[in-house]
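Okay, structure first, notes after.
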Amino acid sequence: MSLVNIISAIGNNSSVYPLLIRDCGIENPIKIGLTYKQNLKDSKQMAKDAFRERAIDEYVCSAIWLGGIPVMDKICNWGIKKLGYDPNIDMNLFKESSKQGLAKNIEKFKNIATEEVKSLEKVLKNKKTYEKLQAGKFVLSTAIPVFLMGYCLPKSNFALTNKLRKKQELQKNEENILKTKQKNSQNISFKGSFVSSLANMSTVNKMAVTDGGLTVGRVATGRNRNERLELGFKMLGMMFLNFVVPAWIAKLFDGISNKLFNTNVNLDPKLLDNKDFLTSIKNNSLKLPKDDIIEFLDNNPNEKFSKLAEEFCGVKRLKNGYRDPRVFIDENKIKSFQKEIEKFAKQAKESGNVDKFAQKALKVKSGNILANITISSILLAICLPKLTFYLRKLITGSDAEPGLVRNA
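Heads up, our numbering is the position in the sequence shown plus 12, with the first residue counted as 1.
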């Protein structure tokens, strides 16, 4: 993968890649380190326990969080196929319009996409059943990761801590017995229950949904009131900083760049680095839709704009080259994409050097993306934990993890 493709991937806030970079590459190691340092103020053993719990929690949770819905989707899609339905049919097609819909696509593609049309016809005759199957798929894809992350993982983590502490206490007692030659030993009681293992850890692309469920699960499994309060604050803060703030930062930086440099940087870096695209602008050969976008895509499958719509706007085609009738076309998204292309083309041609203008836009856009990742990562990995530690000290009077403090 080229550097431009990497920057493009991490700059797409609707994809999993920025979350992957921030979560596993930056946020987790920094938060684990800060947790150890903060709890070291209480004791070395407290820091060791907190470090272990946080490391397990962050990385196992990330493993579930970043892999689940793709896995669950495949399982559910297999089940839907076994029941005789095509899981690739977009339910947006249930809303019939003059341009697309189940009935409209059946009529339009009946002679050119026969297998896909048969799938559409079956869904059209059994809408309620298909709706229930897709609803079940959504529930399973979100509920199972939430259950694993929000309940099983913390319970297992807490149980491990209890088990290790019990072992340490027993070893300490045995040492005391040997030293003092006493016959009596102490009985130690612990809170929490043991969970043997976690299986089939999965995560989510629909991460905001699972994070909401995860927050509820984590708060519910907190070992005491102070831990529940801290977990609620931390999880809500993470949701805000993961799913809302990066989009705000991207919009702000791109808007500032437009004003400061008079350069449209709203296009994807891959497109700004696309030589064929830039050549079509220089030669005025880029053919764009004038009225009906869907008709343009169907009648001009080999045009540059049609290919770009496939790459950046979710348009899909069958092996025979025809548009996939099972896929809903988001006309508003394509119209917005077209406007950004038109704006870029106008500025690029007015600059007198399209290639130079594109390279400038690419550098600015790449800088914006990297700055966004950096800022959002700092907010997540440093600012949020620091604020959490401050509030913990203010409320509890202690630097130690609330859940690790006995009799809290």
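Note that beta-carbon positions come from the ideal geometry of N, C-alpha and C, so glycine has one too.
Computed from a predicted model, the values in this text were never measured in an experiment.
Check: Name the DSSP bridge partner or partners of R329?
Finding: Here residue 329 refers to the residue found at position 317 when the sequence shown is read from its first residue. Paired residues: R335.
Checklist line | Three-state class that DSSP yields for T275 in the structure shown | finding: The sequence position of residue 275 within the sequence shown is 263, counting from 1. Three-state DSSP puts T275 in coil, outside helix and strand.
Note to self: Can you look up Q350 in the DSSP assignment and give me helix, strand or coil?
What the structure shows: Here residue 350 corresponds to residue number 338 of the sequence shown, with the count starting at 1. It is helical.
Notebook entry, point to check: Would you call the CB atoms of L300 and Q350 closer than 7 Å?
Noted result: In the sequence shown, the residue the question calls residue 300 occupies position 288. In the sequence shown, the residue the question calls residue 350 occupies position 338. Yes, the Cβ-Cβ distance between L300 and Q350 is below 7 Å.
Note to self: According to DSSP, simplified to helix, strand and coil, what is F340?
What the structure shows: Reading the sequence shown from its first residue, position 328 is the one you call residue 340. Reduced to three states, the DSSP call for F340 is coil.
Item checked: Three-way DSSP call (helix, strand, coil) for T233 in this model -> Here residue 233 refers to the residue found at position 221 of the sequence shown. Reduced to three states, the DSSP call for T233 is coil.
Notebook entry, point to check: If you drop the 5 nearest sequence neighbours on each side, which residues of the same chain put their C-beta closer than 6 Å to that of F308?
Noted result: Locating residue 308 in the sequence shown gives position 296, where the first residue counts as 1. Hits under 6 Å: P301.
Next item on the list: Give the DSSP-derived three-state secondary structure of G249 in the structure shown.
Entry: What you label residue 249 is simply residue 237 of the sequence shown in a count that begins at 1. The answer is helix: DSSP assigns G249 an H, G or I state.
Next item on the list: Within its chain, find whatever has a CB closer than 6 Å to the CB of S208; leave out the 5 residues flanking it on each side and keep chain order.
Entry: Here residue 208 refers to the residue found at position 196 of the sequence shown. With a pLDDT of 22 at S208, under the threshold of 50, the predicted position of this residue should be treated as unreliable, and no value is reported.
Check: Where does the unbroken alpha helix (DSSP H) through L52 begin, and where does it stop?
Finding: For the purposes of this step, residue 52 is taken as residue 40 along the sequence shown, with counting starting at 1. Taken as a continuous stretch (DSSP letters only), the alpha helix (DSSP H) holding L52 covers N40 to L52.
Notebook entry, point to check: To the nearest angstrom, how far is it from the Cα of L320 to the Cα of K368?
Noted result: Reading the sequence shown from its first residue, position 308 is the one you call residue 320. Reading the sequence shown from its first residue, position 356 is the one you call residue 368. Cα-Cα distance, rounded: 22 Å.
Next item on the list: Identify, in the order they occur along the chain, each residue of the same chain with its Cβ nearer than 8 Å to the Cβ of E128, setting aside the five sequence neighbours on each side.
Entry: Taking the first residue of the sequence shown as position 1, residue 128 is located at position 116. Excluding residues within five positions, the ones whose Cβ falls inside 8 Å are D98, F121, L330, D336, P337 and R338.
Next item on the list: Determine the extent of the alpha helix (DSSP H) in which Y402 is found, giving its start and end residues.
Entry: Here the question's residue 402 lines up with position 390 in the sequence shown. First-last of the alpha helix (DSSP H) with Y402: L396 to T408.
Margin query: Using only the alpha-carbon positions, how far apart do Y48 and F63 sit?
Written below: Looking up residue 48 in the sequence shown gives position 36. Looking up residue 63 in the sequence shown gives position 51. Cα to Cα, the separation comes out at about 5 Å.
Next item on the list: With DSSP as the reference, label S363 as helix, strand or coil.
Entry: For this step, residue 363 is matched to residue 351 along the sequence shown. Residue state, collapsed to three classes: helix.
Notebook entry, point to check: What do you get for V216, buried or exposed, if any count of 16 or more other CB atoms within 10 angstroms of its CB means buried?
Noted result: Counted from its first residue, the sequence shown places residue 216 at position 204. Caution applies to V216, whose pLDDT of 34 falls short of 50 and renders its modelled position unreliable; the value that the coordinates give is listed next. V216 comes out buried.
Margin query: My assumption, with CB atoms under 8 Å, is that D61 sits in contact with T173. Please give the rounded CB distance.
Written below: As a first step, residue 61 must be located in the sequence shown, where it is residue number 49. As a first step, residue 173 must be located in the sequence shown, where it is residue number 161. Right, their Cβ atoms sit about 6 Å apart.
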